[in-house]
Amino acid sequence: MRQEGFQYITVLKAISSKKESLNRLAGWSSSRVTPDKLKYNITRSFGYDPMNLMIDDEEGKPIGTIQLYDFNEQDKSCKLDIRIGDRDYWSKGYGEDAVKTILEYAFFKIDIFRVSLKVYEYNDRAVRCYLKCGFRCEGRTRQSAYIDGKFYDEIIMGVLKSDFLQLSDK
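With the numbering used here as the guide, the letters of the sequence shown map in order to residues 1185 to 1354.
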């Protein structure tokens, strides 16, 4: 992983232009995504700049993005978002490695206590990844996402610093 620059917007737009990545993973419509809208979404945190990183393959090719955002200083919490856009890189460990790396940074470098995320119910691959990284299912919002003519639940997941520490003990 590496800190992103302006290339982040271009890569995220390329990832987002793939219909399957958009509609099935992110719930976005590529016709509505513009660089300005992406930049707005990336910087939407409450008074804090989000931490945006590129996920690269072994050759340095950008294959996705990961970010921590919506930092709450009082509660020592934030949210996580990750996208790996190219199907050829799915189920190869890139997501798990990126999530574990950014969680280690969050918990041990910037003293975050809790990280949360939402994932669509049909994204079993992502749910398995998050569980391997210490996340627990905390609830769901029923039929809250309308994608490709169908409603889906969003699963709410969270990981505490203590949950993540238990992974290291195993």
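By construction, the Cβ of each residue, glycine as well, lies at the ideal position given by its N, Cα and C atoms.
Backbone secondary structure at residue i - three-state DSSP
i: I1294; result: coil
i: K1334; result: strand
i: G1342; result: strand
i: G1323; result: strand
i: D1240; result: strand
i: K1284; result: helix
i: S1352; result: helix
i: D1259; result: coil
i: D1270; result: coil
i: S1213; result: Low confidence applies to S1213: its pLDDT is 41, below 50, so where it sits in the model is not reliable enough to give any reading.
Buried or exposed (CB count within 10 angstroms, at least 16 for buried), residue i
i: G1318; result: buried
i: C1321; result: exposed
i: Y1330; result: exposed
i: F1292; result: exposed
i: R1267; result: buried
i: G1248; result: buried
i: E1338; result: buried
i: F1335; result: exposed
i: Q1350; result: exposed
CA-to-CA distance, residue j to residue i, given in whole angstroms
i: G1279; j: R1298; result: 19 Å
i: S1328; j: M1341; result: 15 Å
i: K1345; j: D1295; result: 9 Å
i: R1326; j: Y1289; result: 32 Å
i: N1236; j: S1300; result: 16 Å
i: K1302; j: K1276; result: 22 Å
i: Q1364; j: R1309; result: There is simply no residue 1364 to check, as the chain begins at 1185 and stops at 1354 in what is shown.
Beta strand (DSSP E) segment containing residue i, residue limits
i: Y1314; result: From DSSP, Y1314 is part of no beta strand (DSSP E) but of the alpha helix (DSSP H) over 1308-1316.
i: Y1253; result: 1246-1256
beta-carbon residue i near the ligand MN non-hydrogen atom, thresh 7 Å
i: N1256; result: This structure does not include the ligand MN; it has no bound ligands of any sort.
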